[in-house]
Amino acid sequence: MSEQDRVRVEPAVGPPLLLASRLTPAVPPEPVVARPRLLRRLDEGSAGPVTRIAAPAGWGKTTLLASWVRLGGAPAEVEPGAVVPDSGELAAPPESGPVPAWVSVEVGDDGDRLWSYLAAALRAATGSTESGPVPDRSPRPEHLEALAASLAAAERPVLLILDDLHRVADPAALTGLEFLLRHAEQRLRLVIGARAGLHLPLHRLRLAGELTEIGPDELAFTDDEVADLLTAHGVALPAAAVHRLRERTGGWPAALRIAALAVRGQADPERWAGQFGGDQPEIAGYLHEEVLATLDPAEEDLLRRTAVVDTVCADLAEALTGRADAGQALADLAGAGGLLHREDTRPAWYRCEPLLADLLRADLARLPADELRELHARAADWYAGDGRPADGLRHALAAGRWDLAGDLFVAHWPELTRYDSEPVHAPAPVAPPAEVVRADPEVALACAAERVCAGDLPAASGHLGVAAEHAAGLPVPRRDRFLRLVTALEVSVARLADDQAEVRAAAARLLRTRPEGATPTRLPDSAPTGPSSSAPTTGGGAAADDADLRAFTGTALGLVELAGGALPAARFVRARAAAREAGRPRTELVGASRAALLLAVRGDLRAAEQAARDALGMTPCRGWSGRLDCAYAYLALALVALLRDQPEEAAANLALAGPALGVADGWAGGPEAGSAEDWLAAAPGEPVAAAVAALCRAQLHRDAGDPAAGQRLLVRAGAALADRPSATELTSLLRAAEAELRAERGDLDAARDLLAGSADDGTDPVLAVTVAKVELLAGDTAAAGRVLPGWQSPSATAWPLPVRLDAGLLDAVLAERAGDGRRAGRILEQVLDLAGPQGCRRVFTRAAPPVRDLLAAHLDAGTAHFTLVSDLVRGASTSTARPTAAPRGVLDEPLTERELTILRYLQSILSNVEIASELSLSVNTVKTHVRNIYRKLDATRRREAVRRARELRLI
């Protein structure tokens, strides 16, 4: 050890030599990519008493802390993705800020050793001498009081950064820190990096609001940050490949750095990135040495055994491991350990990070065959008893439990189909022996159903062919049932293959097997509500079989129509009722979630809200198997909230729906949150969901004063439906919304062109009402009156409620302008009668000023809806206010055409990676233009640049 790496603490007792390298943040491995969002979080957190960065190995805790200390916080001039050079020198702390002090904790540090380093760090920060109040060893109470008094009297606070504090195993070693935090009068601030739990009063700090926590979710790289890291390593990947790499790694920084180093030598980097997994040698070695090696053998065994399933809860873990404390162990691994991701459900479900799951499954495959089959058998029994037949079937086949597999399929066939796009990681089970299939051909059907659930259609068709060879030898009653089950599987295979004609044909064949005297399928008087039973109807005979057939075929046909862009609300309501009657909760969940969204589009807000909340409360929706269904339910709640003029709640529900449809960062808030356009790319098989999300987000953009962004989104959503002839109603809603935004921006001619010919035959009320709105906005009341369809006619009851309300309000405004105030009042009262029960407010509060004037006058004239109208008048006064444009300014250095183009994209919520993809530019080129835009507009952030550009009327 060289002399400059030592700090000698004198005296006779012989205090230990201290390493200077442990008192200074290490130089991070280059290249270091700037992550200002995290640097700002540390700036904000360090203003309080304690900031804790907690995550397993490889999540970039030390790199983040070292970069933050070396940069002196979050410099305003550092842009996201910039490669931060490190000279090895620490940035000088600001004169008014806290003085930083760094200690790296090492394995084996006891209380005396830790306090030796704390003493050296605090002395350097406070300028005290060795004879001062800072103790060299574990302090006694009088030492702590003197030190607390010294810190409290210091001119500037001390910012003490403790890296890898989890290495201190003795709780007594940290009691002194707790005392100082309480008594130093907020002149000591701690920033802690640690892997697992700490011996500090975190719960008390959390309750007092004195703890800032940064965990794996925040430390995970975003798509843009992954692209920045790859660029810094000289690697260029398309945006789609970047997104896949982030998904495969879960944003884990260590894995991404390993990938960035390894991908450079690959002949096909994009293909290599798509296959990147935890079973690759570099990743597997890191996980074994840095993650699994730190665990207790019992914890490692629990992780490995539970990796036989995709997600696990306490009861399932207990069944797989035999451990009564499995639930607590899972909670510890998810909490302090950070190795599991916990879903916010009751009961709690957990899943491994993707790369760790890959490694654990690879380890499982090396277990003795008997031991692995036993694990699958335990899982099969648990799932079968918990009402999860699809999972039970998969594990029964993997365990070779052919009898259980056959029984599960025959009893639960309506539930054994694929309703989402969640990946199935388990390999295909071994095919049953020929003698088993000869004796029980339903086992071959069970194999086909399992492959259908996995999305492996060729294998499913192969098993169907094998099963069909044995149908002729079955006795008549059994053969009839067998052929019905074959037809049901053919419906599923055709649906997943997107063969709509074959789905309809197979569904018709299946319905012809309904029992004689079965009740004709009809729309129930009201949608079923409340919790449903998870047990199938038993002992019901023909009635139960009939309910199964109606639920299964109705759901399949509804999904086919939905995939084509149609809005079959009634079909899903009927299918849900039949599923409820048959006791098929998985099928009922599909019907409830889709019906919720489609009812919201129709304007039946109360039924939509109830169906959505029912869906979110159903047992299957509380695991990972119902994520797509939950997305539909959250979308329904978003649209309901929007139509009730609750934009914050609408945005929150959109954010919850986003990840289930493959949107990386959901849709939470402003332009720097995730990309709304992601929906159109991430959900190609869910065109209705993507279009409704676009409608919602476009209106939120309008409310935020950015109708241009909403307009662009609607154009893209309409283009995505161009090849779906069944999407006429949805396309009309998108065109109408786009025309309204164009008209509100003053582009009346473009709005008229978009709607040209729409009102000629009057067959499309959505577009006809929008034409009338545009003409009224243009001041042509006569033209508006001519094209406005009859909203009180019997056929108008089939219109979406918001459209009918818009038409009624237009009719009232036209009557008022014609001088017939009494008629206008009567019409307005009828519109309120329609809107009141559903709580539909947006058509009033976001309408043009004449509607607000009508509402105000209606209050004076008298109304049965006095409270509602009073509230609407107040809401309309707030909502119709528009920000006024500032006069156009002049820049010292004008923006180039390319910079103006990118500036227009900056006001959207596209990321830099997506802007580069849109313009066919490299990410670095876009960033160069963005830097120039910031410089010319005298801005430091995206939002500030957009605001400045709007003030100058550049956009």
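Just so we're on the same page, the numbering used here is the position in the sequence shown counted from 1, plus 228.
Cβ coordinates follow ideal geometry from the N, Cα and C atoms, glycine included.
1) I want to know whether the segment 499-508 touches the segment 565-578 - three or more CB-CB distances under 8 angstroms.
2) If you draw a straight line from the alpha carbon of Pro256 to that of Asp496, how long is it in whole angstroms?
3) Determine, using beta carbons only, whether Val714 and Ala696 come nearer to each other than 8 angstroms.
4) Would you check if the segment 401-412 and the segment 374-386 touch, i.e. whether three or more CB-CB distances between them fall below 8 angstroms?
5) Under the DSSP definition of a beta bridge, which residues are partnered with Ile442?
6) Would you call the segment 548-566 in contact with the segment 468-485, where contact means no fewer than 3 C-beta pairs closer than 8 angstroms?
7) What's the C-alpha gap between Ala948 and Ala917?
8) Which of the three DSSP states, helix, strand or coil, is assigned to Asp391?
9) In angstroms with no decimal places, state the Cα-to-Cα distance between Val519 and Arg499.
10) Is the segment 552-562 touching the segment 621-634, taking contact as three or more C-beta pairs under 8 angstroms?
11) In its own chain, which residues sit with a C-beta less than 7 angstroms from the C-beta of Pro284, not counting the 5 before and 5 after it?
12) Please return the same chain residues whose Cβ sits closer than 8 angstroms to the Cβ of Gln414, not counting the five positions on each side in sequence.
13) Return the chain-ordered list of same chain residues with a C-beta closer than 6 angstroms to the C-beta of Arg973, the five sequence neighbours on each side being excluded.
14) Do you know whose CA, among Glu663, Arg709, Arg706, Ser1139, lies nearest Val694's CA?
15) Grab me the residues of Leu1037's own chain with a C-beta within less than 7 angstroms of its C-beta, minus the 5 sequence neighbours each way, in chain order.
16) Quick check: what's the CA-CA separation for Ala659 versus Leu724?
17) I need the straight-line Cα distance from Ala839 to Ala824, nearest angstrom please.
18) Looking at the structure shown, is Glu1179 part of a helix, part of a strand, or coil, going by DSSP?
19) Going by the beta-carbon positions, is the gap between Ala1024 and Gly1018 smaller than 8 angstroms?
20) Quick one, which of Thr998, Pro1022, Asp456 has its alpha-carbon nearest Ala1035's?
21) From the DSSP output, which residues share a beta bridge with Ser332?
22) DSSP state of Arg423, grouped into three classes?
23) Rounded to whole angstroms, what's the CA-CA distance from Thr749 to Gly690? Just pull it up for me.
24) Buried or exposed for Arg706, please, with buried defined as at least 16 other CB atoms from any protein chain shown within 10 angstroms of its CB.
25) Ordered along the chain, which non-local residues of its own chain (more than five positions away) have a Cβ less than 6 angstroms from that of Val1041?
26) Taking 8 angstroms as the threshold, find out whether the segment 393-400 comes into contact with the segment 333-340 through three or more Cβ pairs.
27) Where do the N-terminal and C-terminal ends of the beta strand (DSSP E) with Glu581 fall, by residue?
28) Within 10 Å of its beta-carbon, does Gly854 have 16 or more other beta-carbons around it, so buried, or fewer, so exposed?
29) From the DSSP secondary-structure annotation, give me the bridge partner or partners of Met569.
30) Grab the span of the alpha helix (DSSP H) containing Lys641 for me, first residue to last.
31) Going by CA-CA distance only, name the one from Glu1172, Leu1131, Ala1026, Arg952 that's closest to Thr1156.
32) Am I right that Leu790 and Arg732 are in contact with their C-beta atoms under 8 angstroms? What's the rounded C-beta distance?
33) Use the C-beta contact count for Gly437: other C-beta atoms within 10 angstroms, 16 or more gives buried, fewer gives exposed.
34) What residue range does the alpha helix (DSSP H) around Asp598 cover?
35) Could you check the C-alpha separation between Leu350 and Thr450 for me, to the nearest Å?
36) Residues bridged to Arg417 by DSSP?
Taking the structure as given:
1) As far as the Cβ criterion goes, the segment 499-508 does not touch the segment 565-578, which means the pair count is below three.
2) Our two residues, Pro256 and Asp496, have alpha carbons roughly 30 angstroms apart in a direct line.
3) Contact check for Val714 against Ala696 passes: the beta carbons are separated by less than 8 angstroms.
4) With the cut-off at 8 angstroms, the segment 374-386 and the segment 401-412 touch.
5) Answer by DSSP bridge pairing, in chain order: Ile281.
6) Per the Cβ contact rule, the segment 548-566 is not in contact with the segment 468-485 (fewer than 3 Cβ pairs under 8 angstroms).
7) Their Cα atoms are separated by approximately 12 angstroms.
8) In this structure, Asp391 counts as strand in the three-state DSSP scheme.
9) One C-alpha to the other measures close to 27 angstroms.
10) They do not touch, by the three-pair rule.
11) Only residues of its own chain outside the window of five on either side were considered, and among them Arg423, Val519, Gly565, Gly566, Leu567 have a CB closer than 7 angstroms to the CB of Pro284, listed in chain order.
12) Excluding the 5 residues flanking it on each side, Gln414 has same chain C-beta neighbours closer than 8 angstroms at Pro277, Pro385, in chain order.
13) Answer for Arg973: Pro935, listed in chain order.
14) Across the set Glu663, Arg709, Arg706, Ser1139, the C-alpha of Glu663 shows the shortest separation from the C-alpha of Val694.
15) Val1059, Val1071, Ala1075, Val1079.
16) Rounded to the nearest angstrom, the gap between the Cα atoms of Ala659 and Leu724 is 22 angstroms.
17) Spanning the alpha carbons of Ala839 and Ala824 requires a straight line of approximately 5 angstroms.
18) Here Glu1179 sits in helix by DSSP.
19) In this structure, Gly1018 lies closer than 8 angstroms to Ala1024 by Cβ.
20) Distances from the alpha-carbon of Ala1035 to those of Thr998, Pro1022, Asp456 put Thr998 closest.
21) Paired residue(s): Asp391.
22) Here Arg423 sits in coil by DSSP.
23) Residue placement at Thr749 is poorly supported in this model, since its pLDDT is 49, which falls under 50; the coordinates still yield a value, given next. Spanning the alpha carbons of Thr749 and Gly690 requires a straight line of approximately 33 angstroms.
24) Counting Cβ neighbours within 10 Å, Arg706 comes out exposed, since fewer than 16 surround it.
25) Sequence-distant Cβ neighbours of Val1041 in its own chain, meaning closer than 6 angstroms and more than five residues away, are Pro1078.
26) These segments touch.
27) From DSSP, Glu581 is part of no beta strand (DSSP E); its letter is neither H nor E.
28) When all chains shown are included, Gly854 counts as buried.
29) First, the amino acid is wrong: residue 569 is His here, not Met. Listed as beta-bridge partners of His569 by DSSP are Arg579.
30) Inspection of the sequence shows that residue 641 is occupied by Trp rather than by Lys. The continuous stretches of alpha helix (DSSP H) do not include Trp641, and DSSP gives it neither H nor E.
31) When the alpha-carbon of Thr1156 is set against those of Glu1172, Leu1131, Ala1026, Arg952, the nearest one is in Leu1131.
32) About 14 angstroms; that fails the 8 angstroms criterion.
33) Gly437 comes out exposed.
34) For Asp598, the enclosing alpha helix (DSSP H) covers residues 597-613.
35) A direct Cα-Cα distance of roughly 36 angstroms separates Leu350 from Thr450.
36) Answer by DSSP bridge pairing, in chain order: Leu387.
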